[in-house]
Amino acid sequence: MERIPFSVGNEGRQVFWNAETFETFLFLFTAIALLIFAYGIYRRWQLWVALGKPETRLDRLPERVKALLINGLIQVKTFREPYPGIMHGLIFFGFMVLIFGAAFDASEFHIAEPLGWAFLRGTFYLVFSFLMDLFGLAVLIGVLLALYRRYIRRPDGLGYQGKPDNTADDAVVLLLLFGIIMTGFVIEALRIRVTSPSWEVWSFGGWMLAKAFTAIEPEQAKLLHKATWWTHTFLSLGFIAYIPYSRLLHIITTPANHFLVSLKPAGYNEPIRDFETAETFGVGKIEEFTKKQVFDSDACTRCGRCQDGCPAYLSGKPLSPKKLIQDLKTFWLTQAPAAAAARRAVGNAATGAGETGGRGIVFKALDRIDAAVDRMGSGTTAGAASAETALVGGVIDLHELWACTNCLYCTENCSASIEHVPKIIGMRQYKVLTEADFAPELQLTFRNMENNSNPWGIGSHLRADWAKDLGIKTLAEDPAVEYLFYVGCSGSFDDRGKKVSSALAKILKAAGISFGILGTEEGCCGDSALRGGNEYLSQTLVQANIEVMNRYHVKKIITTCPHGYNALKKDYPNFGGEFEVYHHTEIIAELIAAGKITLKKPVEGLFTYHDSCFLGRYNGIYDQPRRILRAVPGLKLTEMERNLAKSFCCGAGGARMWMEEDIGERINNLRTDQAVAAGAGTIAVGCPFCLTMLSDGIKDRKKEETMAALDIAEIVWRAMDLEEAQPVAEACAAPQ
Amino acid sequence: MNIVACVKQVPDTEAQIRVKPDGSGIEEGGIKWVMNPYDEFGVEEALRLKEKNGGEVTIVCLGPARAMETIRTALAMGADKGIHINDPVFDGADAFTTASALAAAIKGIPHDIIFCGQRAIDDDSAQVGAILADLLGIPQVTVVTKLEFAGSAVKVIRPIEGAQLLIECPLPCLVTAQKGLNEPRYASLPGIMKAKKKPVDVKNAAALGVSADGKAKVVRFVPPPARAAGKIVCADGTPEGKAAELAKLLREEAKVI
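The listed protein sequences derive, respectively, from chains W and A. Sequence positions in the first sequence follow our numbering and run 12 to 747. Sequence positions in the second sequence follow our numbering and run 42 to 298.
Take a look at the structure:
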């Protein structure tokens with residue numbers, strides 16, 4: 012086969028230039044690197060499956076593949092934060108292109124050229140060269156951005172409570188990347204220095220660098236080229252081999268975690284099905300997590316996005332979702348090797364010593380290697396003391412565990428699809444159900460729910476008193492209504508909440524909606540019990556409500572409380588409660604759009620809308636409340652800095668409503684400050700918990716004179732201007 | 042150590058109490074029944090004693106069938122077994138009859154220390170513990186807020202007006218529990234499940250050989266008078282006038298000054 016020399020019009024380059032004899036060695040070293048890589052993955056796989064309850068997430072494959080492509084390949088979640096998103100994108104996409112380029116080179120040399128089909132020629136070569144240099148430069152910029160961010164800018168997310176949590180590995184990986192690209196450019200530059208074809212101006216990086224090398228004699232340059240070539244090769248192969256043993260493993264685990272993402276509704280809680288025979292409940296040991304939950308921790312890249320908006324962390328509590336996941340990971344890595352070894356021993360005993368054949372030999376060899384590696388590692392990993400540490404109360408501090416408001420910021424903003432909240436609930440279940448060791452104020456709340464089906468413990472016979480003078484019928488009186496207005500505990504017992512219930516009832520009446528309430532037959536929705544770890548109580552409450560609702564053949568439900576809304580929507584179906592559930596902002600937005608209610612009276616002032624977690628992140632209701640507020644004449648709407656999916660919790664979710672908050676700042680005060688910063692006079696909310704918390708925040712910050720918190724329903728009712736003027740009863744009539 | 046804790050099932054403190062039209066008792070429909078809170082302090086203290094010194098806790102309760110729930114609650118907290126005194130003749134039993142039945146049940150079992158609530162929150166009679174100790178012929182210390190076990194005796198603190206008494210009482214004895222003695226535990230779920238299988242001995246009046254004659258008889262239940270509306274003092278509108286009017290009303294109408 013005759014080779015046509017490279018020339019203008021037949022541009023190209025000789026693959027393996029100046030390295031013609033290296034091919035065999037390259038193959039050998041590549042094979043070794045791949046073996047080290049494969050063994051690392053195999054070892055890690057053993058750790059992934061070593062402990063945890065089984066959980067298969069292989070259903071709905073098209074959706075999983077989509078999640079993998081969108082978040083693993085295109086990295087949509089990663090790009091949500093501009094700086095780290097672009098930084099990571101430059102490195103990731105740059106490397107992707109470079110790997111394809113290397114594959115092109117290899118196929119040109121090993122397949123195309125021998126067959127006479129050389130394709131890296133001419134314009135294609137020029138474009139290819141240009142792209143390789145461009146993306147090489149992209150990686151370099153990405154790495155520099157990363158170095159600058161991690162070591163100079165040092166954002167809080169890359170640390171914990173102001174202290175960076177950098178590891179040596181972080182630096183090694185970045186330097187590896189830097190080294191690979193730099194040596195790549197140097198090789199190219201030295202080659203161009205020696206061969207200097209005019210078209211190599213397209214390899215602009217190497218071309219420019221070559222200018223700096225003109226002082227080097229061609230022979231020297233060739234020698235230097237050889238040395239750099241090997242450096243580049245070893246760095247690249249080292250990179251591949253290093254993947255399973257470093258943070259680079261996220262190249263595999265993070266996309267895998269996107270594939271394994273929960274396809275259940277946001278924040279879904281898998282109910283405990285067996286109360287009768289189980290000995291323990293919840294997660295008290297790491298092996299009581301599911302394997303997927305354990306795997307989550309290996310997908311974490313310590314990027315810190317979860318922490319950046321965590322209300323507990325930002326208010327000075329010890330909880331950081333990142334730290335929690337990392338602590339679980341560290342603990343898993345101390346526990347898993349022994350569990351994996353035990354599994355292997357069981358496996359060996361099962362297959363029997365007499366097994367022969369290729370498979371047997373391979374596995375036996377692997378076992379030997381494993382045993383040797385275990386011996387080597389035994390000095391450094393699993394210390395006896397760390398293995399004995401209790402998961403709950405030891406690895407995870409109880410203050411961390413109970414600081415979580417279940418706001419879902421972490422999960423929503425995690426770029427690795429990690430699910431934090433179910434882990435928290437699992438460990439709380441252990442403390443509450445198995446150990447019955449938890450805060451006394453929460454015990455009181457649970458007793459109140461048990462005895463009077465509301466967290467305050469107010470007599471359950473008083474539940475419908477708010478509706479006494481409003482002429483609202485109960486379903487017992489008239490079951491033939493379209494909607495059940497499930498009032499909930501706040502709407503029934505809390506003075507502020509009662510006003511919201513009353514406002515909504517009046518709106519519904521004015522709009523001619525057919526609805527009724529359950530009256531004293533209504534019970535607590537169970538959300539706070541569930542999120543406070545008392546699944547047993549929660550299920551009792553849920554089942555009691557479902558029994559009543561099904562007895563009246565309830566189909567559609569309206570709630571004012573997002574906690575009840577979320578529970579009715581996501582938890583009740585597990586127990587035979589299938590309802591269409593609407594939040595009152597959904598209904599009101601509809602009524603306005605359909606012209607069934609008119610907002611005529613101006614409500615002046617600058618308002619801001621506070622996204623309730625259980626409405627926003629949990630149920631994606633962001634638009635309706637804002638649409639309603641925009642429809643109110645005179646009302647000006649401004650946004651707080653933290654809004655929508657990044658909204659800042661009021662501090663009441665996850666049963667925190669009923670607990671003391673004695674570490675750090677009060678979360679509701681921080682949220683109030685954010686509203687103050689937005690210049691808002693009124694904080695509009697769609698949640699009675701938020702209403703209480705923000706009203707308290709306004710009081711605590713001494714802003715009562717200038718600020719107020721109002722529910723959307725109250726604002727709408729005011730704007731409808733239908734309140735009949737009631738004569739104010741004069742206690743002491745003016746003397747005649 | 043053999044510990045006995047007596048418990049009573051009472052309406053929840055928040056329950057709406059309605060008197061039957063004939064005044065023979067209260068309407069039981071819609072009432073949430075709970076363990077008398079003072080008895081709960083007793084049960085908790087019994088469990089703490091057991092956990093520290095070993096032994097067994099027996100729950101004794103007089104009440105109708107529904108009272109079994111309360112016994113199970115105590116068993117879920119960690120008590121070992123129960124005696125349920127259930128006989129229609131004991132419906133509306135007075136303190137003496139109740140104490141007699143409890144005494145008869147407790148006489149049959151070993152008992153080093155007996156806990157009762159200082160009173161029940163439904164009838165507030167505060168007599169059962171005292172009569173029970175008397176019937177059993179053992180010493181009693183009442184309204185206890187702190188208890189320390191000292192071998193063959195207990196050292197307890199009993200608050201009195203303006204002071205506290207430190208009392209040492211030999212075993213066997215009876216202690217009535219006051220708020221402050223402890224923080225009763227929340228039953229664990231395994232505890233609740235195990236409680237379903239713990240033994241509860243059901244006894245009637247005949248088995249105990251107790252008559253229900255009693256010493257006191259409830260003639261009639263009468264609801265407290267509805268609270269009258271408040272009165273706003275207007276007078277002539279001046280602070281001085283209002284104050285004078287208020288003083289006059291307090292002296293002549295309310296007769297409190």
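Cβ atoms here follow ideal geometry from the backbone N, Cα and C, with glycine treated the same way.
Rounded C-alpha distance that separates residue i from residue j
| i | j | result |
| --- | --- | --- |
| asparagine 127/A | glycine 104/A | 6 angstroms |
| leucine 69/W | asparagine 268/W | 12 angstroms |
| leucine 212/A | leucine 188/A | 13 angstroms |
| leucine 45/W | tyrosine 136/W | 29 angstroms |
| tryptophan 213/W | glutamine 25/W | 16 angstroms |
| alanine 30/W | tryptophan 240/W | 8 angstroms |
| threonine 416/W | arginine 667/W | 6 angstroms |
| valine 154/W | phenylalanine 189/W | 6 angstroms |
| arginine 292/A | lysine 272/A | 15 angstroms |
| threonine 531/W | alanine 236/A | 31 angstroms |
| leucine 372/W | aspartate 378/W | Rather than leucine, the amino acid found at residue 372/W in this sequence is isoleucine. If you take the alpha carbons of isoleucine 372/W and aspartate 378/W, they lie about 10 angstroms apart. |
| glutamate 281/A | glycine 83/A | 54 angstroms |
| phenylalanine 131/A | tryptophan 467/W | 35 angstroms |
| valine 768/W | alanine 144/A | The question about residue 768/W has no answer here: the residues shown for chain W are numbered 12 through 747. |
| glutamate 304/A | cysteine 661/W | No statement about residue 304/A is possible, as the shown extent of chain A runs from 42 to 298 and does not include it. |
| aspartate 732/W | glycine 575/W | 29 angstroms |
| phenylalanine 449/W | arginine 71/W | 39 angstroms |
| glutamate 716/W | serine 525/W | 39 angstroms |
| arginine 132/W | glycine 147/W | 20 angstroms |
| glutamate 493/W | threonine 312/W | 49 angstroms |
| valine 101/A | valine 45/A | 7 angstroms |
Cβ-Cβ separation, residue j to residue i (assumed contact under 8 angstroms), whole Å
| i | j | result |
| --- | --- | --- |
| lysine 64/W | glutamate 290/W | That pair is no contact at about 14 angstroms. |
| tyrosine 629/W | glycine 278/W | 5 angstroms |
| leucine 151/W | isoleucine 110/W | The Cβ separation is near 16 angstroms, so there is no contact. |
| histidine 152/A | asparagine 77/A | 20 angstroms between Cβ atoms; not a contact. |
Collapsed DSSP secondary structure at residue i in the structure displayed
| i | result |
| --- | --- |
| leucine 222/A | coil |
| lysine 607/W | coil |
| cysteine 210/A | strand |
| cysteine 317/W | helix |
| phenylalanine 625/W | coil |
| phenylalanine 224/W | coil |
| alanine 691/W | coil |
| proline 746/W | Reliability of the predicted coordinates at proline 746/W is poor, the pLDDT of 49 falling under 50, and the value obtained from them is presented with this limitation in mind. Note: proline 746/W maps to coil in three-state DSSP. |
| serine 229/A | coil |
| valine 141/A | According to the sequence displayed, residue 141/A carries serine and not valine. If DSSP states are grouped into helix, strand and coil, serine 141/A belongs with the helices. |
| lysine 328/W | coil |
| glutamate 281/W | coil |
| phenylalanine 27/W | coil |
| leucine 131/W | coil |
| alanine 393/W | Residue placement at alanine 393/W cannot be trusted, given a pLDDT of 45 that sits under 50; the coordinates are not used to answer. |
Bridge-paired residues (DSSP) for residue i
| i | result |
| --- | --- |
| valine 75/A | Val51/A |
| histidine 594/W | Thr570/W |
| glycine 123/A | Ile100/A and Val241/A |
Closest by C-alpha distance to residue i, when choosing among the options
| i | options | result |
| --- | --- | --- |
| alanine 323/W | Tyr576/W, Tyr420/W, Gly645/W and Leu602/W | Tyr420/W |
| asparagine 21/W | Glu211/W, Glu34/W and Cys500/W | Glu211/W |
| alanine 730/W | Pro175/W, Ala514/W, Asn459/W and Lys174/W | Ala514/W |
| glycine 537/W | Ala578/W, Ile568/W, Gln304/W and Val565/W | Ala578/W |
| glutamate 671/W | Asp476/W, Met704/W and Ala719/W | Met704/W |
| glycine 627/W | Lys333/W, Pro573/W and Ala688/W | Pro573/W |
| leucine 702/W | Asp622/W, Lys517/W, Leu84/W and Ile557/W | Asp622/W |
| isoleucine 632/W | Val565/W, Leu655/W and Gln172/W | Leu655/W |
| serine 706/W | Val150/W, Cys624/W, His410/W and Asp506/W | Asp506/W |
| alanine 56/A | Gly64/A, Asn43/A, Ala46/A and Ile72/A | Ile72/A |
| tyrosine 227/A | Pro73/W, Glu461/W and Leu220/W | Glu461/W |
| aspartate 242/A | Ala106/A, Glu224/A and Ala134/A | Ala106/A |
| lysine 148/A | Gly278/A, Pro265/A, Asp175/A and Asp80/A | Asp175/A |
| phenylalanine 137/A | Pro129/A, Val75/A and Ile172/A | Ile172/A |
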